[in-house]
Amino acid sequence: MADVFAGFVVGYALALLAAPIGAVALIRSNDRTGLAQRVAPEGTSVVALSVVLHFAAMIVLTALGLILGMALNGIDARRPEGGIGSPNLVYTAMVLALTAVIVIPAMAVPAARRYALAGGVVVAAAFGWAVPWLATLGS
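Structure (structure tokens):
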């Protein structure tokens with residue numbers, strides 16, 4: 026159970042970081058390109074879009090943390106060996122593979138390369154290493 030709670034906590038922490046960063050990026054891109062007017066109906070406030078972004082980040086990242094925590098719980102019961110700085114090598118390799126599946130296609134967009142790479146590193150470190158270490162503290 027500590028694994029699932031650790032995944033939730035890390036997902037929640039990432040959502041708390043991602044929401045303001047996403048809101049600032051949305052406001053900055055709206056000034057340059059008018060992204061908010063193209064994405065949302067006309068007359069929609071950029072602040073309202075930022076609130077929606079915050080709620081979406083909370084739901085998606087905490088759900089991802091819960092799912093990865095359940096995966097860690099299942100993998101930990103079968104293959105608890107550590108490696109590459111993590112208490113569970115198989116789980117960390119799985120998180121790295123899932124992150125690569127999402128980040129590598131995003132690297133095809135030149136404007137998103139830096140953000141995709143930075144986000145991928147943060148997600149891989151948080152879910153791949155912080156979740157197992159936090160779970161070991163809870164057990």
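Residue 26 is where the sequence shown starts when you use this note's numbering, and the numbers rise one by one after that. Just so you know, even glycine gets a beta-carbon here, dropped at the ideal spot from N, CA and C.
Ordered along the chain, which non-local residues of its own chain (more than five positions away) have a Cβ less than 7 angstroms from that of residue i?
i, result
"ASN98", "ASP28 and VAL29"
"TRP154", "GLY110, SER111 and THR117"
"GLY165", "Absent from the model: residue 165. The displayed extent of the chain is 26 to 164, so no value can be given."
"GLY107", "ASN113 and LEU114"
"LEU78", "ALA44, GLY47, ALA48 and LEU51"
For residue i, which residues in the same chain have their Cβ closer than 6 angstroms to its Cβ, ignoring the five residues on either side in sequence?
i, result
"VAL101", "A small fix is needed here, since residue 101 is Asp in this sequence, not Val. Once the five neighbours on either side are set aside, the close Cβ partners of ASP101 are ASN113."
"THR161", "PRO112"
"ALA43", "ALA82"
"GLY145", "THR124 and VAL128"
"LEU39", "LEU86 and ALA151"
"VAL148", "THR124"
Taking its Cβ as the centre, do 16 or more other Cβ atoms sit within 10 Å of residue i, making it buried, or is it exposed?
i, result
"VAL35", "buried"
"THR124", "buried"
"VAL76", "exposed"
"ALA122", "exposed"
"PRO157", "buried"
"GLY59", "exposed"
"LEU41", "exposed"
"ALA143", "exposed"
"VAL128", "buried"
"ALA136", "exposed"
"ALA151", "buried"
"VAL120", "buried"
Near residue i, which residues of its chain fall below 8 angstroms by C-beta distance, leaving aside the five closest residues on each side in sequence?
i, result
"VAL134", "ALA141"
"TYR37", "MET83, LEU86, THR87 and GLY90"
"ILE46", "none"
At a cut-off of 7 angstroms, would you count residue i as near the ligand GTP, judging by its Cβ distance to the nearest heavy atom?
i, result
"GLY144", "Questions concerning the ligand GTP fall outside what the structure shown contains, since it holds no ligand whatsoever."
Stretch-stretch touch, CB-based, cutoff 8 angstroms, three pairs: the segment 63-72 with the segment 106-114: no
Meets three-Cβ-pair contact criterion under 8 angstroms: the segment 115-134 and the segment 48-57: no
Sequence ranges, alpha helix (DSSP H) only - wholly within the segment 85-160, length at least 4: Whole alpha helix (DSSP H) segments, 4+ residues: 114-131 and 138-150.
Segments assigned alpha helix (DSSP H), at least 4 residues, entirely inside the segment 32-85: 60-64
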